[in-house]
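*Asks:*
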Amino acid sequence: MAKRNLTLQLDEDVVRRAKVIAARSDTSVSRLVADLIEHMTDAEDGYERAKQHAIEVMRMVSDQAVKTLPGPGRRWSREDLHDRRTLPRNQPSHEEKGA
Numbered sequence: 000m001a002k003r004n005l006t007l008q009l010d011e012d013v014v015r016r017a018k019v020i021a022a023r024s025d026t027s028v029s030r031l032v033a034d035l036i037e038h039m040t041d042a043e044d045g046y047e048r049a050k051q052h053a054i055e056v057m058r059m060v061s062d063q064a065v066k067t068l069p070g071p072g073r074r075w076s077r078e079d080l081h082d083r084r085t086l087p088r089n090q091p092s093h094e095e096k097g098a
């Protein structure tokens, strides 16, 4: 992937402390900042994937619930209300599917 330069303005004390941390880690301040930003963006991507998976599961459960709604004049039985077979907990997770 192509690299681009980024200019930052930081307090002198922050820069000095960052240089010490970088030296202890045998790296550069630039690499420390790049690693931090990469970590943050990866975490954000993971959050979005988890959010989309949760939305998919809610839609699936909702669609299944709509299909099982009782018709006019019919009521759900106790067994219907407590039937958990329609829940997706036995299905592979989003990550297990290789997403």
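Quick note on numbering: numbering that gives the first Met the number 0 labels position 61 of the sequence shown as 60, and the sequence is numbered without any gaps. Heads up, the beta-carbon is just placed ideally off N, CA and C, and yes, glycines get one too. Note that the structure is predicted; figures quoted are calculated from it, not measured.
1. How is A17 classed by DSSP in three states: helix, strand or coil?
2. Since I believe I20 is in contact with L31 (beta carbons under 8 angstroms), could you give me their beta-carbon distance rounded to a whole number of angstroms?
3. What span of residues does the alpha helix (DSSP H) with H38 cover, start to end?
4. Output the boundary residues of the alpha helix (DSSP H) element that contains L80.
*Replies:* The relevant details are as follows:
1. Here residue 17 is taken as the residue at index 18 of the sequence shown, counted from 1. Residue state, collapsed to three classes: helix.
2. Locating residue 31 in the sequence shown gives position 32, counting from the first residue. Locating residue 20 in the sequence shown gives position 21, counting from the first residue. That pair is a contact at about 7 angstroms.
3. On the sequence shown, residue 38 is found 39 positions in, with the first residue counted as 1. It spans V28 to K66 - the alpha helix (DSSP H) in which H38 sits, taken as one unbroken run.
4. Against the sequence shown, residue 80 aligns to sequence position 81. Per DSSP, L80 belongs to the alpha helix (DSSP H) from R77 to L80.
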